[in-house]
Amino acid sequence: MVLATFSEKVFKTIKLALPIIIGQLGIMLMGLADTIQVGRMKFLAAESLGASGMAGSIFFTIAVVGLICMNIVSPMVSKAAAEGDLPECGNLLRASLRVALFLAVITIVILGIIGLNYDLFGQTAINKKLTLPFLALISASVIPIFIFSALKTLTDGLQKPRIAMTITLIALLLNVLWNSILINGYGPIPAMGLMGAGIATLMARIFMATSLAIYIFTRKEFKPYLAKVHAHHTPWVLEKTILKVGVPSGFQGFFEIATFGMAVVMMGWISITSQAAHIVAINMASLTYMAATGIAAAGGILVGEDIGNKSKPGIYVSGNAALFLSLVFMGICALVMFFGREFFVTSYTKEIAVVTIAVQLVIWGAVFQLFDGVQAVSLGLLRGLQDVKIPTFITIFSYWGVGIPLSYYLGIYEGQGAEGIWIGLTASLICSSILLTWRFYVRTNGIDLDALTVE
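For the sequence shown, the working numbering begins at 1 and goes up steadily by one.
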């Protein structure tokens, strides 16, 4: 019975995770399309590649708090649906939209402040000249991408992830088309280079938010969730709950992404070539990471469903299934990255100096695939349990107590360069994966399903 239950949960996780993974990859491929198309520009290719990497790192380092804060709602929707409380699902959607707008404004302000103080990063003059206008442009896309994420919590939480997936894939195709036109120019449209890539991304994100909103609010299948509002809720109680659970969860992602963002900065201290190579390698690793976060999201949603069904054994099985899938998938990805590293790197850029460094970095990227997947899935499972405080401390310790100091020591102080920085990143992921997995099983063992609280 246990094996059958595990098998069922594995297939259920796959069914739920696959569309989420494809959607996540679609979003990541938009950034990848920018990287490839910008990297093949005839002029300032390496410089524009480094600038797009800096702007992207800054953007996602700040925006990740809000984006992950939105993700916390999907397990809450799943729990409400399992309990048969359909109106609560609609209440959670409305609350998440309000929280999304609130966090979007804060995110834009912070990005603006960072732009005004960009000199503190110690980058070259050409990097600053290219990065700041691009950063200002993609900052405008915060509102549509946050709204899309808030809307997506309902469809994913109701285990209907194909809707957001389809919209994302259409947006990806549009983004690639608009990149080709705006980066290189077409007919009367002048070549805009890096700025063209930013405009294309903004347009794609507006399309995503608009399309998903129209779908949800016009389809009959969602009317039972949207028609009623619970009268027993005091004003803003759900918004406060989302922020209370979601913001600490968002900071988990912040400290991880800030670590990799700091790695971009340290690469800039070494050379523009090292920075460009890092961008290429990290883009490859990020593709598999987004797939791991898809498994994590599915695991968290199923854990939320188990909580709604008051099933502690179900939580264990959901967690085991998600971790198993992560190990299998990331193990395959590690092998593909290792043996195909030269092919993949040269598809990004043909500059020999960049390729030479990037190929070495991808080897380390293959090494940390397994640990990256485990820590991502463990975080997703813990979010399903609404366990946020201790996992946040774990991420702070792993990335800023282990990863950054070791990266600086090996890469800068000891002079090992780009490879030394990636050794430090690998160590941080190993530490995080071990501690977060331990926390999931400890938390599940002691959970009170009748009085679930945020710890």
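Virtual Cβ for every residue (Gly too), placed ideally from N, Cα, C. Quick caveat: nothing in here was measured; it's all calculated off a predicted structure.
Inset, instruction - Can you tell me which of K350, A296 and Q275 puts its alpha carbon nearest to the alpha carbon of V10? - result: A296
Legend entry - I447 (DSSP reduced to helix, strand or coil): coil
Legend entry - Whole-Å CB distance - A33 paired with N179, under 8 Å assumed: 6 Å
Inset, instruction - Quick one: give me the first and last residue of the alpha helix (DSSP H) that G253 is part of. - result: V237 to I270
Inset, instruction - State yes or no: is the C-beta of L177 within less than 8 Å of the C-beta of M192? - result: no
Legend entry - Cα-Cα separation, F121 to T273: 17 Å
Inset, instruction - Using alpha carbons as the reference points, say which of A81, K12 and M70 lies closest to I307. - result: A81
Inset, instruction - Answer with buried or exposed for L227, where buried requires no fewer than 16 other C-beta atoms within 10 angstroms of its C-beta. - result: The question names Leu, but residue 227 is Ala in the sequence shown. Exposed, because fewer than 16 other Cβ atoms sit within 10 Å of the Cβ of A227.
Legend entry - Backbone CA spacing between I14 and A376 [nearest angstrom]: 16 Å
Inset, instruction - Grab the span of the alpha helix (DSSP H) containing F393 for me, first residue to last. - result: K389 to I396
Inset, instruction - Give me the Cβ distance between I216 and F222, rounded to the nearest whole Å; I'm assuming they're in contact under 8 Å. - result: 5 Å
Legend entry - Delimiting residues of the alpha helix (DSSP H) encompassing T13: V2 to G39
Legend entry - Buried versus exposed, by CB contacts within 10 Å (16 or more), D156: buried
Legend entry - Cα-Cα separation between L137 and G198, rounded to whole angstroms: 6 Å
Legend entry - I189 - DSSP class collapsed to helix/strand/coil: strand
Inset, instruction - Examine the Cβ distances between the stretch 312-323 and the stretch 395-404 and report whether three or more of them are shorter than 8 Å. - result: no
Legend entry - Span separating the alpha-carbon of G411 from that of R443: 37 Å
Inset, instruction - May I ask you to report which of helix, strand or coil DSSP gives T107? - result: helix
Inset, instruction - Using 7 Å as the cut-off, classify the Cβ of S311 as near or not near the heavy atoms of the ligand FMN, replying yes or no. - result: No copy of the ligand FMN appears in this structure; indeed no ligand is present at all.
Inset, instruction - Any chance you could list the beta strand (DSSP E) runs of at least 3 consecutive residues sitting entirely within the stretch 350-425, in chain order? - result: none
Inset, instruction - Out of L130, A427, T349 and T166, state which residue places its alpha-carbon closest to the alpha-carbon of L18. - result: T166
Inset, instruction - Grab the span of the alpha helix (DSSP H) containing I72 for me, first residue to last. - result: Neither: I72 is in no alpha helix (DSSP H) and is coded neither H nor E.
Legend entry - Alpha carbon of G253 to alpha carbon of E351, nearest angstrom: 32 Å
Inset, instruction - Indicate whether I36 and Y289 have their beta-carbon atoms separated by less than 8 Å. - result: no
Inset, instruction - Alpha carbon to alpha carbon, how far is V280 from P87? Give it in angstroms, no decimals. - result: 45 Å
Inset, instruction - Classify G340 as helix, strand or coil using the three-state DSSP reduction. - result: coil
Legend entry - Span of the alpha helix (DSSP H) around G198: L194 to T218
Inset, instruction - Could you tell me the distance, in whole angstroms, from the CA atom of L370 to the CA atom of L327? - result: 6 Å
Inset, instruction - Could you tell me the boundaries of the alpha helix (DSSP H) in which S180 lies? - result: R162 to N184
Inset, instruction - My understanding is that L212 touches F148, with C-beta atoms under 8 Å, so please give their C-beta distance in whole angstroms. - result: 6 Å
Legend entry - First and last residue of the uninterrupted alpha helix (DSSP H) at F121: Taken as a continuous stretch (DSSP letters only), F121 belongs to no alpha helix (DSSP H), as it is neither H nor E.
Inset, instruction - Report the residue from S249, F344, T218 and R162 whose alpha carbon sits nearest the alpha carbon of A285. - result: F344
Inset, instruction - Look at the Cβ atom of I257, then the Cβ atom of V64, and state whether they are nearer than 8 Å. - result: yes
Legend entry - Anticipated Cβ contact below 8 Å, F329 with L382, distance rounded: At roughly 20 Å, the Cβ-Cβ gap does not stay under 8 Å, so F329 and L382 are not in contact.
Inset, instruction - Return the CA-CA distance between N117 and K220, expressed in angstroms with no decimal places. - result: 49 Å
Legend entry - Rounded straight-line distance, which links the Cα of G380 to that of G115: 31 Å
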